[in-house]
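Q: Heads up, the sequence shown is in the working numbering, so the first residue is 4 and it goes up one at a time.
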Amino acid sequence: MSQYKTTIGLEIHAELKTRTKMFCSCLNDFLETRPNVNVCPVCLGHPGVMPTINRKAIEEVIKLGLALGGEILNHSRFDRKSYFYPDLPKGYQISQYELPLVKGGELSGVQVRRIHLEEDTARLLHEGNHSLVDFNRAGVPLIELVTEPVIDSALKALEFGKEVQLILRYLDISDADMEKGQMRVEANVSVAPAGHEELGTKVELKNINSFRAVKNALVHEIERQKELLEKGEKVIQETRGWNEVKGITVSQRGKEEAHDYRYLPEPDLPPMELTTPEVINLEELRRSLPELPEAKRERFKQEFNLPEKQTDVLIGDRYLAEYFEEAVSEFLALEENGKSKGIQLVANYLTSDLVGLLKESGARIQDTKATPENFAELVVLILKGDVSSRIAKVILREMAATGMDPNEIIGEKGLTQISDESEITNTVEKIINENRDAVESYKEGKTNSLQFLVGQVMAEAKGRANPQIVQEILKKIIEK
Ligand SMILES: [Zn+2]
Numbered sequence: 004m005s006q007y008k009t010t011i012g013l014e015i016h017a018e019l020k021t022r023t024k025m026f027c028s029c030l031n032d033f034l035e036t037r038p039n040v041n042v043c044p045v046c047l048g049h050p051g052v053m054p055t056i057n058r059k060a061i062e063e064v065i066k067l068g069l070a071l072g073g074e075i076l077n078h079s080r081f082d083r084k085s086y087f088y089p090d091l092p093k094g095y096q097i098s099q100y101e102l103p104l105v106k107g108g109e110l111s112g113v114q115v116r117r118i119h120l121e122e123d124t125a126r127l128l129h130e131g132n133h134s135l136v137d138f139n140r141a142g143v144p145l146i147e148l149v150t151e152p153v154i155d156s157a158l159k160a161l162e163f164g165k166e167v168q169l170i171l172r173y174l175d176i177s178d179a180d181m182e183k184g185q186m187r188v189e190a191n192v193s194v195a196p197a198g199h200e201e202l203g204t205k206v207e208l209k210n211i212n213s214f215r216a217v218k219n220a221l222v223h224e225i226e227r228q229k230e231l232l233e234k235g236e237k238v239i240q241e242t243r244g245w246n247e248v249k250g251i252t253v254s255q256r257g258k259e260e261a262h263d264y265r266y267l268p269e270p271d272l273p274p275m276e277l278t279t280p281e282v283i284n285l286e287e288l289r290r291s292l293p294e295l296p297e298a299k300r301e302r303f304k305q306e307f308n309l310p311e312k313q314t315d316v317l318i319g320d321r322y323l324a325e326y327f328e329e330a331v332s333e334f335l336a337l338e339e340n341g342k343s344k345g346i347q348l349v350a351n352y353l354t355s356d357l358v359g360l361l362k363e364s365g366a367r368i369q370d371t372k373a374t375p376e377n378f379a380e381l382v383v384l385i386l387k388g389d390v391s392s393r394i395a396k397v398i399l400r401e402m403a404a405t406g407m408d409p410n411e412i413i414g415e416k417g418l419t420q421i422s423d424e425s426e427i428t429n430t431v432e433k434i435i436n437e438n439r440d441a442v443e444s445y446k447e448g449k450t451n452s453l454q455f456l457v458g459q460v461m462a463e464a465k466g467r468a469n470p471q472i473v474q475e476i477l478k479k480i481i482e483k
């Protein structure tokens, strides 16, 4: 195939997690399972009702705009976007067209064109040959972030989407879970022969409900367009949906142009003046921004020098990253030696063991009873060889369940380490007798066999033997 240039622009929608809806005081409660309970005449679109603007939602979009270095427009406004669909009772959606709250900005090297605020539609549930409407979602504040068409691969689009999700979570303005529909990604894709100044024909991709689907749908669509061009055929400007089951994009309809929506300034809402601090205090919002993922990632690399994957796991959850830093600083307060080894142990036991325990119980790091201080104490015990890795896991599980400190747990559960040589020697001799093959292969130079034997002794001692001493005694007896 010849060389082609891919151009992708993304439109990302995310539901804000404000307490109430965008234009009425109904609760914005994602966890509500009963249909049509958080509704009122405003979000049901009854004639003659008046919307009011949710200030918190405005502030949250501005925070996102500030975080991405965008321009906050002094004069902004809501517009009506007219179209009919059963999930839109008013026959129009209140959105923003000419004067969005935020223009410009940048994230991970991708330029952002605009960020605006609108209301979400109701949810349609299709059952058999009929459909049901749940208006709990109607009027939930929804942000739309539009990038410039500057992304040149499916992978970069995926990475950008993930970074947007991360920043929404860091700002604590949206849970942004794609599988739950709290974040939705649409992509404009065009392919043109390399070297062409003009972009190819734009196809809009919808129905993308997971990050995996973002990548798969884009990869498929890029290939489809390349094949058409290769055959000398034309790409049609249209909207295509991603069919997850078949793994292909399918034509849905011709693409609407902006004028099809008959945008007009929303007559029931005043234009917004964001210049006076009494209305929206930009400086205060700027000061309230947390350290953002990009900056935190760079700082973690510099300060902790962990493997990249581990850094990513920590940065992937703002509260996990904060827990890690607290545990490290507690560790450094307790133990002056073994700094880098200690930091690595904190990261290991946090990202694999504690995170594993949290997953088991469906809890978040914010909810664990194991304090960073106790966590650091445990790492000191591990570092000094006072507990084996096996016992460390037992202690950690107990810490997470009860909030007790590790030394208390050791005392209460009788987990004190056995360092008594004669006691260990008895166990070692038993294991040597039971594992003659391993002993022989160690004698032949297979060092793995020694680790195997250490493991057997540790298992026999229920993890309580000092592994250092076990190894020494094993060697001594075998080599004798
Ligand atoms: Zn309402």
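Beta carbons are placed, not taken as given, at the ideal position from N, Cα and C, and that holds for glycine.
1. Would residue 17 and residue 146 be called neighbours here (beta carbons separated by less than 7 Å)?
2. Looking at the structure shown, is residue 219 part of a helix, part of a strand, or coil, going by DSSP?
3. Can you tell me which residues form a DSSP beta bridge with residue 421?
4. Exposed or buried, residue 330, counting other C-beta atoms within 10 Å across all chains shown (16 or more means buried)?
5. Would you say residue 136 touches ligand 1, meaning its beta carbon is less than 6 Å from a heavy atom?
6. Starting from residue 445, follow the alpha helix (DSSP H) in both directions and report where the run begins and ends.
7. Which runs of the beta strand (DSSP E) spanning at least 3 residues fall entirely within the region 221 to 300, listed in chain order?
8. Would a C-beta distance cut-off of 7 Å place residue 209 and residue 189 closer than the cut-off?
9. Taking only three categories from DSSP, how would you classify residue 99?
10. Are residue 206 and residue 256 touching if we call contact CB-CB under 7 Å?
11. With C-beta atoms as the reference, is residue 476 less than 7 Å away from residue 428?
12. If you reduce the DSSP assignment to three classes, tell me which class residue 118 lands in.
13. With a cut-off of 5 Å, give the chain-ordered residues whose Cβ is closer than this to any heavy atom of ligand 1.
14. Use the C-beta contact count for residue 485: other C-beta atoms within 10 angstroms, 16 or more gives buried, fewer gives exposed.
15. Express the C-alpha separation of residue 185 and residue 127 in angstroms, rounding to a whole number.
16. Taking its Cβ as the centre, do 16 or more other Cβ atoms sit within 10 Å of residue 289, making it buried, or is it exposed?
17. Check residue 143 in the structure and name its three-state DSSP category.
18. Give the straight-line distance between the Cα atoms of residue 90 and residue 64, rounded to the nearest whole angstrom.
19. Go ahead and pull the three-state DSSP assignment for residue 42.
20. Specify the secondary structure class of residue 352 as computed by DSSP and reduced to three states.
21. Using a Cβ-Cβ cut-off of 7 Å (strictly less than) and excluding sequence neighbours within five positions of residue 334, which residues of its own chain qualify?
22. Given this structure, state the Cα-to-Cα distance separating residue 423 from residue 332, to the nearest angstrom.
23. Can you give the Cα-Cα distance for residue 118 and residue 354, rounded to whole angstroms?
24. Pair every Cβ in the region 265 to 282 with every Cβ in the region 78 to 95, then say whether three or more of these pairs are closer than 8 Å.
25. With a 10 Å radius around its C-beta and 16 neighbouring C-beta atoms as the bar for buried, classify residue 67 as buried or exposed.
26. Tell whether a beta-carbon distance below 7 Å holds between residue 52 and residue 114.
27. May I have the straight-line CA-CA distance separating residue 303 from residue 327, to the nearest angstrom?
28. Suppose you measure from the CA of residue 460 to the CA of residue 473; what does that come to, to the nearest Å?
29. Tell me the start and end of each unbroken alpha helix (DSSP H) in the region 26 to 93 that is at least 4 residues and wholly inside, in chain order.
30. Measure the CB-CB distance between residue 92 and residue 47 and report whether it falls below 7 Å.
31. Expressed to the nearest angstrom, what Euclidean distance is found between the alpha-carbon atoms of residue 198 and residue 7?
32. Would you give the residue range spanned by the alpha helix (DSSP H) that residue 407 belongs to?
33. If I follow the unbroken alpha helix (DSSP H) through residue 375, where does it start and stop?
34. Whose C-beta lies closer than 7 Å to the C-beta of residue 106 among residues of the same chain, with five residues either side of it excluded?
A: Quick answer:
1. yes
2. helix
3. 468
4. buried
5. no
6. 439 to 446
7. 241 to 246 and 251 to 257
8. yes
9. coil
10. no
11. yes
12. strand
13. 27, 29, 43, 45 and 46
14. Nothing about residue 485 can be reported from this structure: the residues present for the chain run from 4 to 483 only.
15. 15 Å
16. exposed
17. coil
18. 24 Å
19. coil
20. helix
21. 345, 349, 379, 382 and 383
22. 34 Å
23. 34 Å
24. yes
25. buried
26. no
27. 10 Å
28. 7 Å
29. 58 to 70
30. yes
31. 8 Å
32. Element bounds for residue 407: n/a, residue is neither H nor E.
33. 375 to 386
34. 73, 74, 76 and 117
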